[in-house]
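Trainee: Take this structure, written in structure tokens, and hold onto it; I'll ask about it next.
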Amino acid sequence: MHKRFHRSRSLWVTLLMLVALVAAACSAPAPAGTEAEAAEAPAVDQSQAAQSVEVKGVTVTSDEEVSSPRTHFGGEYHDVSTSDAVSFHPYLTTDTASSGYQGMVYTGALLRLDENTLEYIPNMAESYTISEDGLTFTFNLRQDMKWSDGEPLTAQDFKYAYDQATKPENEFPYLSQLDFIASYEAPDDFTLQIVIKEPYAPALGQMSGLITPLPKHVWESLDWKDPEKNPEINSPSVVSGPYKLVEWKRDQYVIFEANENYWYHGRPNFDRYVIEIVPDTDVGYQKMKNSETDTGTILPEQLEEARNLPNINVYEWWPAAASWTYIGLNMRTEGAPTQDINVRHAINYAIDKELLTDEVMLGQAKRLCSVFPETSWVYNPDVPCYDYDPDKAIAAFQEAGYTFQDGKMLDADGQQLTLKLVYGPNTNKIRELIATVVQDQLGEIGVNVEIQALEWASFLEATSAAEVDWDMFIGGWRATIEPHIMYTIWELDKDNPSYDLNSVGYDNDQVEEIFREGGRTYDNAVRKEKYQEVQRIIAEESPYVFLYYSKAWSGQNKRIQGIEPTALGIGWNQEDWYIQETQ
């Protein structure tokens, strides 16, 4: 069987990224100068990205024309952020800011999601073939791709990156997501042949999105992990993405310039893309409001005003891949209060999640009770949701051996229970409000909560460090459309534990096996049953306090043109955006 695909637009969305609090999805475009309000994308549940379909003996070829240049060149796009990246190394970071910077300078998706249908279509691979037994995937790369220094971008660069990423000593946080691969070879410069061990439902998306090629001719003589020995980690000089790095002054700004050798329709329209690090979201919002920057964070309480600003278009949508917020509970430290399931249940009951959705998020969020929100095709509505109930919270603490006396929750030694809550970045106003609510509501039942706000890098270090110095932390994930990929945040290698993703130290062999069973079959009824069982177990064991999943919105200065909202939000074609006044 042979299929041909033609698409006229590009999509630079990493296919399988688990990052915190990033929004992407959406709807039809709104007229210029108006708010774009989107409903949930109807194609998501039935798409290839959501429900993997067994495909054997098929060749898919793109006849998309990718060489015609863009024509609206000029100007600088100005962005703001409250948190800076950790590094440009695509195989050593998991944070949102770093992945955003990396996406500017590196591109790596063999396939991409069609922005309207969410089906996988050829991208850096011009075509691909799946063998009759469904175990061998052959990708034929486009032959005119180049690195920014003019050297050809080839299959050897993919192979080099894969070989390095799969060395355990190189500590790739998503290494387990490559376990299904038996071999990854480059028989020639423009062919990749990937063999999988057994049928695996998410195989196509994972193999095409998790490996970002690195320039072998630059990196092979450098240290993989040490920025002191490898300047490419923090200052990449040879890149494949739409932009090149000009200057990064940590915690102040980063400047990118258009990459003339970018393979997809050539350089982007903006000459430069500048990101300024601001002290808090209010500063960023005011800069956007005053047209000092083209975009900025809009807090829920600012949303109505932003919709009416004369210089701003506000785009709004419920993401196809939901962004959700939670409180992680320390299950790693022997003897920690939150190792007790009754304490975890008590904390759940003590926090009013409806208050958070209504008063903190001002109705721009919906309740979440377990791993998958109701937007997912595997959503399980029949799991414990722990509605706000202080009496049940007190009873659960008593089950754990605590006594509620004179307004204090006392342990067996008569000492008041004190829990440390950390969050980051310290500029995040929403997380600050959540922390205050948690402190107040646990305080109402006698639990003392100490809050520590950390800058972004320190927060990431604190939540992943081997030694835990917290009881609770406020975190967020962007769920994946393919449900199996969420397995990554719940698995734990007991022989070599890593806490970059599973920061709470949740350890349940049954959950890991059920996830694996869901990945081994293409029967979506069976898969749904497996992932619903996962949701039930995790909700019952409560390693997280699941809070809410949120609506997404973005304010953009009206001088920015070419924005086309689709099922994947507004960022999918950012290289095509342009500045009206330069034309």
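Mapping the sequence shown onto this note's numbering, position 292 (from 1) lands on 287, and the numbers just tick up by one. In this text, a Cβ means the ideal position worked out from N, Cα and C, and glycines have one as well.
Could you give the distance in angstroms between the alpha-carbon of Asp384 and the alpha-carbon of Gly438?
Mentor: 14 Å
Trainee: Between the Cα of Gly358 and the Cα atoms of Lys348, Val366, Ser365, Cys364, which residue gives the shortest distance?
Mentor: Lys348
Trainee: Counting contacts by CB-CB distance shorter than 8 Å, is Leu351 in contact with chain D?
Mentor: Judged by its chain identifiers, the structure shown contains no chain D, having just a single protein chain.
Trainee: Indicate whether Thr561 and Asn111 have their beta-carbon atoms separated by less than 8 Å.
Mentor: yes
Trainee: Go ahead and pull the three-state DSSP assignment for Gly471.
Mentor: Strand, per DSSP.
Trainee: For Gly200, tell me which candidate among Pro314, Asp109, Val273 has the shortest Cα-Cα distance.
Mentor: Asp109
Trainee: To the nearest angstrom, how far is the alpha carbon of Glu114 from that of Ile446?
Mentor: 44 Å
Trainee: Between the alpha carbons of Trp130 and Met481, how many angstroms are there, rounded?
Mentor: A small fix is needed here, since residue 130 is Leu in this sequence, not Trp. One C-alpha to the other measures close to 23 Å.
Trainee: In the DSSP assignment, find the unbroken alpha helix (DSSP H) run with Lys51 in it and report its ends.
Mentor: Careful: Lys51 lies outside any alpha helix (DSSP H) and carries neither H nor E.
Trainee: Just the Cα atoms here: how many angstroms apart are Ala390 and Phe541?
Mentor: 20 Å
Trainee: With a CB to CB cut of under 6 Å and the five nearest residues on each side skipped, what residues in its chain are close to Gly279?
Mentor: Val75, Val273, Gly291, Thr292
Trainee: Rounding to the nearest angstrom, what Cα-Cα distance links Ala474 and Gly419 in this structure?
Mentor: 19 Å
Trainee: Need the endpoints of the beta strand (DSSP E) that Gly98 sits in, please.
Mentor: Here Gly98 belongs to no beta strand (DSSP E); instead the alpha helix (DSSP H) covers 91 to 100.
Trainee: Kindly confirm or deny that the stretch 546 to 563 and the stretch 307 to 321 touch, where touching means at least three C-beta pairs closer than 8 Å.
Mentor: yes
Trainee: Counting only the same chain and skipping the five closest in sequence on each side, list residues whose C-beta sits under 6 Å from that of His(-3).
Mentor: Here His(-3) scores only 47 on pLDDT, less than 50, and its place in the model should not be relied on; the value that follows carries that caveat. Around His(-3): Thr54.
Trainee: Note down, in chain order, each residue of its chain lying with its Cβ closer than 6 Å to the Cβ of Pro222, except the 5 sequence neighbours on either side.
Mentor: Ile228, Asn229
Trainee: Applying the criterion that 16 or more other CB atoms from any shown protein chain within 10 Å of the CB defines a buried residue, is Lys239 buried or exposed?
Mentor: Flag for Lys239 reads buried.
Trainee: If you follow the alpha helix (DSSP H) that Arg522 is in, where does it begin and where does it stop?
Mentor: 519 to 536
Trainee: Which partner residues does Gly438 have in the DSSP bridge list?
Mentor: Beta bridge pairing from DSSP links Gly438 with no other residue.
Trainee: Check this for me: beta carbons of Ala345 and Ile429, under 8 Å apart or not?
Mentor: Not a contact, by the Cβ cut-off of 8 Å.
Trainee: How would you call Ala407, buried or exposed, if buried means at least 16 neighbouring beta carbons within 10 angstroms?
Mentor: Classification of Ala407: exposed, given that the 10 Å Cβ count is below 16.
Trainee: Just the C-alpha distance for Thr102 and Glu394, rounded to the nearest angstrom, thanks.
Mentor: 52 Å
Trainee: With DSSP collapsed to three states, give me the class of Ala150.
Mentor: helix
Trainee: Roughly how many angstroms separate the alpha carbons of Glu32 and Gly564, rounded to a whole number?
Mentor: The predicted model places Glu32 with a pLDDT of 39, which falls under 50 and marks its position as unreliable, so this point remains unresolved.
Trainee: Take Asp58 as the anchor and find which of Pro117, Ser545, Thr458, Leu205 has the nearest alpha-carbon.
Mentor: Of the candidates Pro117, Ser545, Thr458, Leu205, the one whose C-alpha sits nearest the C-alpha of Asp58 is Pro117.
Trainee: Buried or exposed: which applies to Gly402, given that a residue is buried once 16 or more other Cβ atoms fall within 10 Å of its Cβ?
Mentor: exposed
Trainee: Could you give the C-beta distance for Asn375 and Gln527, rounded to a whole number, given that I count them as a contact under 8 Å?
Mentor: 4 Å
Trainee: Are the CB atoms of Ser93 and Ala104 within a distance shorter than 8 Å?
Mentor: no
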